[in-house]
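Participant: Chains A and B, in that order, give the protein sequences.
Under this note's numbering, the first residue of the first sequence carries the number 181, and numbering increases by one thereafter.
Under this note's numbering, the first residue of the second sequence carries the number 181, and numbering increases by one thereafter.
There are 2 protein chains.
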Amino acid sequence: MSQTEALSQAGMDRADPTPKQRDIAEAATRLFMAQGYAAVSMDAIARAAGVSKATLYAYFASKDQLFANLIGTACSRSGAHSVLPTEEELDLRTTLRALADRALRFLLEPQSLAIYRVVVAESVRFPELGRAFFERIAESSRQNLAAWLKKQMDAGNLLPRDPVIAAQQFISLLRTHLYTRAVLGVDPPPSEDEIEATVTAAVETFFRAYAPESPAPATERRSESALEP
Amino acid sequence: MSQTEALSQAGMDRADPTPKQRDIAEAATRLFMAQGYAAVSMDAIARAAGVSKATLYAYFASKDQLFANLIGTACSRSGAHSVLPTEEELDLRTTLRALADRALRFLLEPQSLAIYRVVVAESVRFPELGRAFFERIAESSRQNLAAWLKKQMDAGNLLPRDPVIAAQQFISLLRTHLYTRAVLGVDPPPSEDEIEATVTAAVETFFRAYAPESPAPATERRSESALEP
DNA sequence: ACAAAACTGAACTGTATAGTTTAATTGCGG
DNA sequence: CCGCAATTAAACTATACAGTTCAGTTTTGT
Numbered sequence: 181m182s183q184t185e186a187l188s189q190a191g192m193d194r195a196d197p198t199p200k201q202r203d204i205a206e207a208a209t210r211l212f213m214a215q216g217y218a219a220v221s222m223d224a225i226a227r228a229a230g231v232s233k234a235t236l237y238a239y240f241a242s243k244d245q246l247f248a249n250l251i252g253t254a255c256s257r258s259g260a261h262s263v264l265p266t267e268e269e270l271d272l273r274t275t276l277r278a279l280a281d282r283a284l285r286f287l288l289e290p291q292s293l294a295i296y297r298v299v300v301a302e303s304v305r306f307p308e309l310g311r312a313f314f315e316r317i318a319e320s321s322r323q324n325l326a327a328w329l330k331k332q333m334d335a336g337n338l339l340p341r342d343p344v345i346a347a348q349q350f351i352s353l354l355r356t357h358l359y360t361r362a363v364l365g366v367d368p369p370p371s372e373d374e375i376e377a378t379v380t381a382a383v384e385t386f387f388r389a390y391a392p393e394s395p396a397p398a399t400e401r402r403s404e405s406a407l408e409p
Numbered sequence: 181m182s183q184t185e186a187l188s189q190a191g192m193d194r195a196d197p198t199p200k201q202r203d204i205a206e207a208a209t210r211l212f213m214a215q216g217y218a219a220v221s222m223d224a225i226a227r228a229a230g231v232s233k234a235t236l237y238a239y240f241a242s243k244d245q246l247f248a249n250l251i252g253t254a255c256s257r258s259g260a261h262s263v264l265p266t267e268e269e270l271d272l273r274t275t276l277r278a279l280a281d282r283a284l285r286f287l288l289e290p291q292s293l294a295i296y297r298v299v300v301a302e303s304v305r306f307p308e309l310g311r312a313f314f315e316r317i318a319e320s321s322r323q324n325l326a327a328w329l330k331k332q333m334d335a336g337n338l339l340p341r342d343p344v345i346a347a348q349q350f351i352s353l354l355r356t357h358l359y360t361r362a363v364l365g366v367d368p369p370p371s372e373d374e375i376e377a378t379v380t381a382a383v384e385t386f387f388r389a390y391a392p393e394s395p396a397p398a399t400e401r402r403s404e405s406a407l408e409p
């Protein structure tokens, strides 16, 4: 079994996951996300799953396959969470703000950060994981948001621009230094204030760039961090 | 020697690097960046450096220390490259575009991507590396750019807003899907057209958000990727 | 030239780990 | 109650690797 095949085969053997299989998958996913591929031994996985090593190998052919399988699945699950607004009776700016808030909090979830870290770390040795993350999370969320933005553009609520680029930029405006700090685990962890400030700044800038008219609201300066000792 | 001390001590023993020490450092840096911490053995490093294992251990106390040392140094070197414009007689938009172009190309360099990958991968086990990357690369470039943007704001060339947030958003607008794709090694590698399109879109959006007046130039739609099968 | 220092190659220790095997045990349907 | 399949614990194989040691060789400073 080559590493490259492991993932494509992953979706196939999901017909009827035995309870043991679920135990193994959950324990292994948790360990892999917390510590990465190399730092987790198959003995540790068996122990954490409350299962013998023989059983582990009865369900999963190798460590590579187990890893690719689980992280690929984690990407799918994570990417399935749509972050788009369901009802949108309100002001567009308010809707965008709520959307940005949910999206940033999703990005900052320990689960999301762990997936990102482990995929970045192993994307060289497991290229299919890089592709899975990119397609099932990054690309899919971008396309979903683009479709929604396009509706807003068509309705005249936003300037008519390439909606894919707009979506991309909206997401990028949320993945700022606060996100980088969280990815790298640099203290302190994101505070409520920082999250809100980042959301506000992102929506503000996005709106100034994509709002159809320019009422130029007089916004006072804010500083999310630094500058003051 | 604890892992945590390794980095802080790193800068100290740099007084006079022996040629052998340089050989080791270069070989090890190259290997660590290409394959990550766990996948590189000390034997492989010694072999690649053309040095015996005893010599390796004469210069570096442990694999942990070697790794933290080298990647920390790589962060410093990488962060030292300023990306700011030296002369700025031209139109601000043109200057910004050149700046964005250089910054994005820097972000997409194999070297930059390798440092980012390895730091993200090991920031859990080597927290000081996460901090080093964040402070010496992310934070420093943000502050440099913020200072430059502040001058532009003070000169009336940009709307007076928090320059740190503006800098952060400018950089974020460059770290879009193209960058994510490169980080994850997803094919195809960034093309010249994609780089230019991303730069153009970023500058466009930044300018619409931060330009003092709104001449609202009629820009036609562009699509960097996707949407077409 | 000579002595000290740096360096080498190779063997060695101890440990960790992927994956296998086996004999004994448990659970379950008929 | 029997027998079959799943499971277990533990021992086992084979390998890889961090780090050490040492006898011998090369380099270097004086």
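The beta-carbon is built from N, C-alpha and C at its ideal position, and this holds for glycine as well.
With a threshold of 16 other CB atoms inside 10 Å of the CB of residue 266(A), please say whether the residue is buried or exposed.
Facilitator: Classification for residue 266(A): exposed.
Participant: Residue 313(A) versus chain B: which residues are under 8 Å apart at the beta carbon?
Facilitator: Neighbours of residue 313(A) on chain B, chain order: 364.
Participant: Does any C-beta atom of chain B lie closer than 8 Å to the C-beta of residue 398(A)?
Facilitator: Model confidence at residue 398(A) stands at a pLDDT of 45, short of 50, so the residue's coordinates are unreliable and nothing is read from them.
Participant: Run the CB neighbour count on residue 202(A), radius 10 Å, all protein chains shown included, and call it buried at 16 or more, exposed below.
Facilitator: With fewer than 16 other Cβ atoms within 10 Å, it is exposed.
Participant: Residues of the segment 349–361 of chain B with a CB closer than 7 Å to any CB of chain A: list them in chain order, please.
Facilitator: Per Cβ criterion, the list reads 349, 352, 353, 355, 356, 357, 360 and 361.
Participant: Exposed or buried, residue 233(B), counting other C-beta atoms within 10 Å across all chains shown (16 or more means buried)?
Facilitator: Burial call: exposed.
Participant: Could you check what DSSP says for residue 296(B) in three-state terms: helix, strand or coil?
Facilitator: Helix.
Participant: Is there at least one Cβ from chain A nearer than 8 Å to residue 197(B)'s Cβ?
Facilitator: Not closer than 8 Å to any Cβ of chain A, the Cβ of residue 197(B) fails to qualify, so no.
Participant: Give me the Cβ distance between residue 301(B) and residue 297(A), rounded to the nearest whole Å; I'm assuming they're in contact under 8 Å.
Facilitator: Right, the Cβ-Cβ distance comes to about 7 Å (below 8 Å), so this counts as a contact.
Participant: With a threshold of 16 other CB atoms inside 10 Å of the CB of residue 327(A), please say whether the residue is buried or exposed.
Facilitator: By the neighbour-count rule (16 or more Cβ atoms within 10 Å), residue 327(A) is not buried but exposed.
Participant: Taking just the CA atoms, how far does residue 314(B) sit from residue 384(B)?
Facilitator: Their backbone Cα atoms lie some 27 Å apart in a straight line.
Participant: Should residue 220(A) be flagged as near chain B, meaning a C-beta pair shorter than 8 Å?
Facilitator: It does not: the Cβ of residue 220(A) has no partner Cβ on chain B nearer than 8 Å.
Participant: Assign residue 270(A) to buried or exposed, taking buried as 16 or more other Cβ atoms, counted over all protein chains shown, within 10 Å of its Cβ.
Facilitator: So residue 270(A) ends up on the exposed side.
Participant: Going along chain B in order, which residues have a C-beta closer than 7 Å to the C-beta of residue 336(A)?
Facilitator: Within chain B, no residue comes near residue 336(A); the closest Cβ sits about 15 Å away, beyond 7 Å.
Participant: Might you give, ordered along the chain, the residues of its own chain that have their beta carbon closer than 7 Å to the beta carbon of residue 213(A), omitting 5 neighbours on each side?
Facilitator: Closer than 7 Å at the Cβ level, and outside the excluded window around residue 213(A), lie 294, 295 and 298.
Participant: Please report whether the beta-carbon of residue 389(B) lies at a distance below 8 Å from any beta-carbon of chain A.
Facilitator: At least one chain A Cβ lies under 8 Å of residue 389(B).
Participant: Nearest by alpha-carbon distance to residue 206(B): which of 227(B), 280(B) and 319(B) is it?
Facilitator: The candidate whose alpha carbon is nearest that of residue 206(B) is 227(B).
Participant: With 8 Å as the threshold, decide whether the Cβ of residue 345(A) is near any Cβ in chain B.
Facilitator: Yes, its Cβ sits closer than 8 Å to a Cβ of chain B.
Participant: Just verifying my parser: in three-state terms, what is the DSSP assignment at residue 357(B)?
Facilitator: Note: residue 357(B) maps to helix in three-state DSSP.
Participant: Rounded to a whole number of angstroms, what is the C-alpha to C-alpha distance between residue 204(A) and residue 250(A)?
Facilitator: If I take the Cα positions, the gap works out to 10 Å.
Participant: Quick check: the Cα distance between residue 332(B) and residue 338(B), rounded to an integer number of angstroms?
Facilitator: Distance between the alpha carbons of residue 332(B) and residue 338(B) is about 6 Å.
Participant: In three-state DSSP terms, what is residue 324(B)?
Facilitator: Helix.
Participant: Apply the 10 Å Cβ neighbour rule to residue 260(B) and answer buried if 16 or more other Cβ atoms are within range, or exposed otherwise.
Facilitator: Exposed, by the Cβ-count rule.
Participant: What residues in the segment 242–253 of chain A have a beta carbon less than 7 Å from any beta carbon of chain B?
Facilitator: Under the 7 Å Cβ criterion, the segment 242–253 of chain A contributes no residue.
Participant: Any idea what DSSP makes of residue 310(A), helix, strand or coil?
Facilitator: Note: residue 310(A) maps to helix in three-state DSSP.
Participant: Pick out whichever of 336(B), 365(B), 377(B) and 276(B) has its Cα sitting closest to the Cα of residue 347(B).
Facilitator: Nearest of 336(B), 365(B), 377(B) and 276(B) to residue 347(B), Cα basis: 276(B).
Participant: Would you tell me roughly how many angstroms separate the C-alpha atoms of residue 354(B) and residue 243(B), rounded to the nearest one?
Facilitator: So the two alpha carbons sit approximately 35 Å from each other.
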